[in-house]
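Below is one structure, written out as structure tokens; the observations come after it.
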Amino acid sequence: MDYQKKYEQWLSNEYLDEQTKNELLAIKEHQEEIEDRFYKDLEFGTAGLRGKIGAGINRMNTYIIARTTQGLSDFIIEKGKEYMDRGVAIAYDCRHFSKEFAKKTALVLAGNGIRAYLFEDLRPTPELSFAVRKLNTAAGIVVTASHNPKEYNGYKVYWEDGAQILSDIANSVTEKINQINDFSIVKEMDEKDALEQGFLIMIGKEMDDAYIEKVKELGLREDIDKKIKIIYTPLNGTGNIPVRRVLKERGFENIMVVPEQEKPDPDFTTVGYPNPEDVKAFAYAEKLGKKEDAELLIATDPDCDRVAAMVKDKNGEYIALNGNQTGAILIQYILEMKQEKNTLRNHSYIVKSIVTGDLGKQIAKSYGVKTYEALTGFKNICGIVNELEKLGQEQFIFGYEESIGYVAGTFVRDKDAVIASQLLCEAAAYYKTIGKTLIDVLEVIYEKYGVYQEKLISLVLEGIEGQNRIERMMKEYRKNYPTEIGEKKLARYIDYQKQITFDFLKQKEETVEIPVSNVLKFIFDDGSWYAIRPSGTEPKIKIYLYTKGEKLENAQDKLINMEEMIMEQLNQVE
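Read the sequence shown against the UniProt record's numbering and you will find it ends at 574, with the numbers running on by one and no gaps.
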């Protein structure tokens, strides 16, 4: 069925409310808009749903939320009464319609006889993961679009271990969703009835207290400079209360919040694109930092699962740390402290994604700590933790990826900016006692392990044409890629979609034991490498560039050469 027919079906559907129909009538003369809203269903996958808010099958709205929740309910019902009784925990962030979508989710679950535990107000995403494990629910859902622009919202699904669902469950839920062809068959319970019958249970302070206590237990030392001046911005998201509470209860005395970005704001008026990975998101924090002479600036994204930092240098300027650098500093601090306290076991490990840099891996190796690699996304990082935990032989230390996501401890199975903010502030406060900033620590790391430089390029290609061009880019690059960049020669090529690796030096092909994913990785004889992959949550193709050199200039020159050659080749694909 074509998009026009689907559009007309929505207009004539008796089940849809007048506001939705009026929204659709307003675009009746705009074919491109109709096409974009109806050319495909908003895809449900291991990242759940994520899309622009609005009427249509390729949009986030209460009807798509209800249909998706009905599909998830049907999957849980098949698992039996035990899973239905254990129920589902639900959290939501500060975005437009997040509360409405979360409540709709809870009432559809209730309508299917599945208990719903709904947070009383907005909460950070990692607390949902904690709640799933604490309550022993069958699943969890967070209504959030993470760091996407204000026009977006999303729906992330977690399973009973507290981690986001992997492809096996996502595929099964998708099958159930696809069987729902009529919104009228979605079951929903009245809110008052759901509360009275015990199918809707509100949760709040007690869960907050339990979560905050577990976060504080991850602290590694108390003999630190708790007077260190730190500026924090939650970017108008969910981090304001939990991050400030943890730091206050840990005894930090000079944590100042950016007032303009303290309260929830679904329009992100002061920042636009609420992604702390983008240095522009620190504009207000920098201004306040200079006024207060702060030593560290930290920012969390709207659902508080990612954190970024800027550090004041000796010239009084703030230097941004990228995700790889922050990860390396945290690994150094954690392992250094654990070794000092003799709490580092022989079989300890960290986990990183395949597109995350290798500096953290080198640091871990020097402490006798193993590194496992996973596909992009914390569902995969924590998936490895879940599997190894069953074996019970190894100690998980830290998980991270270059896109400013980090986790420590085992009570949360997702990236956690509350945990990471505490550890970052603690590390800065400790190193201050020995006369070092986090920049100094990074320079010491470079002196020991070599200078690592990296760059992420994101090509935004929206709509049908953009999606098709991304597909063409991946197809063409598989057939035609450079085997030399400057003096660097290609040593190894990995195609995670075909699950093969080819060693150019040995002229030998082997199998890669990592699940299928549309990612290409190219490793050169000097240790430099790059990877290309389409984003799973945004209309982008991403290029990750990494170089290593003895000196900064050397590594930077390699990076420039690599970028020029790769982009020239990709841009040839129309």
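Don't be surprised by glycine CBs; every beta carbon is placed ideally from N, CA and C. For clarity, every value in this text was computed on a predicted model and none was experimentally measured.
Item: Tell whether a beta-carbon distance below 8 angstroms holds between Asp-414 and Asp-305.; Value: yes
Item: Short of 8 angstroms in beta carbon distance, which residues of its chain neighbour Asp-440, apart from the five on each side in sequence? Order them along the chain.; Value: Tyr-431
Item: Can you tell me where the beta strand (DSSP E) with Thr-511 in it begins and where it stops?; Value: 508–511
Item: Which whole-angstrom value describes the C-beta separation of residue 588 and Pro-124, a residue pair presumed to lie in contact below a C-beta threshold of 8 angstroms?; Value: There is simply no residue 588 to check, as the chain begins at 1 and stops at 574 in what is shown.
Item: Give a single yes or no on whether Val-215 has its beta carbon closer than 7 angstroms to a heavy atom of the ligand PLP.; Value: Only the bare structure without any ligand can be found here, which leaves the ligand PLP out of the picture.
Item: Using three-state DSSP, classify Glu-484 as helix, strand or coil.; Value: strand
Item: Please classify Ser-12 as buried or exposed, where buried requires at least 16 other C-beta atoms within 10 Å of its C-beta.; Value: exposed
Item: With 16 as the cutoff for other CB atoms within 10 Å, does Asn-480 come out buried or exposed?; Value: exposed
Item: Since Ala-364 and Thr-356 are thought to touch, with beta carbons under 8 angstroms apart, how far apart are those beta carbons, to the nearest angstrom?; Value: The Cβ separation is near 12 angstroms, so there is no contact.
Item: Which one of Gln-179, Ser-172, Lys-104 and Asn-171 has the shortest CA to CA distance from Val-142?; Value: Lys-104
Item: How would you call His-147, buried or exposed, if buried means at least 16 neighbouring beta carbons within 10 angstroms?; Value: buried
Item: Based on the DSSP output, what are the partners of Asn-153 in its beta bridges?; Value: Gly-51
Item: Going by Cα to Cα distance, which pick from Phe-502, Glu-373, Phe-183 and Met-562 is closest to Arg-67?; Value: Phe-183
Item: Between Ile-57 and Asp-41, how many whole angstroms is the CB-CB distance? I'm expecting something under 8 angstroms.; Value: 5 angstroms
Item: Where do the ends of the beta strand (DSSP E) carrying Gly-140 lie?; Value: 139–143
Item: Alpha carbon to alpha carbon, what distance is there between Asp-17 and Met-567?; Value: 47 angstroms
Item: Among Glu-206, Val-215 and Gly-549, whose alpha-carbon lies nearest the alpha-carbon of Glu-454?; Value: Gly-549
Item: Taking Lys-290 as part of the alpha helix (DSSP H), name the residues at either end of that continuous run.; Value: 283–292
Item: Between Ile-180 and Gly-71, what straight-line distance do the alpha-carbon atoms span, to the nearest angstrom?; Value: 7 angstroms
Item: Please state if the CB of Asn-153 and the CB of Phe-101 are separated by a distance shorter than 8 angstroms.; Value: yes
Item: Could you spell out the range, first to last residue, of the beta strand (DSSP E) harbouring Ile-90?; Value: 88–92
Item: Do you know offhand how far Ile-419's Cα is from Glu-471's?; Value: 37 angstroms
Item: Quick check: the Cα distance between Gly-463 and Gln-31, rounded to an integer number of angstroms?; Value: 13 angstroms
Item: Looking only at C-alpha atoms, which of Lys-488, Gly-486, Phe-524 and Leu-461 sits nearest to Glu-538?; Value: Leu-461
Item: Ignore the nearest five residues each way along the sequence and tell me which others in Ala-131's own chain have a CB closer than 6 angstroms to its CB.; Value: Ala-89 and Met-207
Item: If you reduce the DSSP assignment to three classes, tell me which class Ile-177 lands in.; Value: helix
Item: Buried or exposed, going by whether 16 or more other CB atoms sit within 10 Å of the CB of Ile-500?; Value: exposed
Item: Among Ile-34, Ile-298, Gln-164 and Asp-278, which one has its Cα closest to the Cα of Ile-258?; Value: Per the sequence presented here, residue 258 reads as Val, with Ile not at that position. Among Ile-34, Ile-298, Gln-164 and Asp-278, the Cα nearest to that of Val-258 is on Ile-298.
Item: Taking Glu-394 as the reference, which of Lys-379, Thr-410 and Gly-405 has the closest Cα?; Value: Thr-410
Item: Nearest-angstrom Cα distance between Leu-456 and Val-412?; Value: 27 angstroms
Item: Nearest-angstrom Cα distance between Lys-205 and Ala-194?; Value: 21 angstroms
Item: As an exercise, report each continuous alpha helix (DSSP H) stretch of at least 4 residues that is fully enclosed by the stretch 423–496, in chain order.; Value: 438–449 and 463–479
Item: What separation, rounded to the nearest whole angstrom, lies between the Cα atoms of Phe-199 and Asp-2?; Value: 39 angstroms
Item: Per DSSP, what kind of secondary structure is Met-189 in: helix, strand or coil?; Value: coil
Item: Rounded to whole angstroms, what is the Cα-Cα separation between Glu-286 and Lys-187?; Value: 50 angstroms
Item: For Lys-548, write down the residues that DSSP places opposite it in a beta bridge.; Value: Tyr-452
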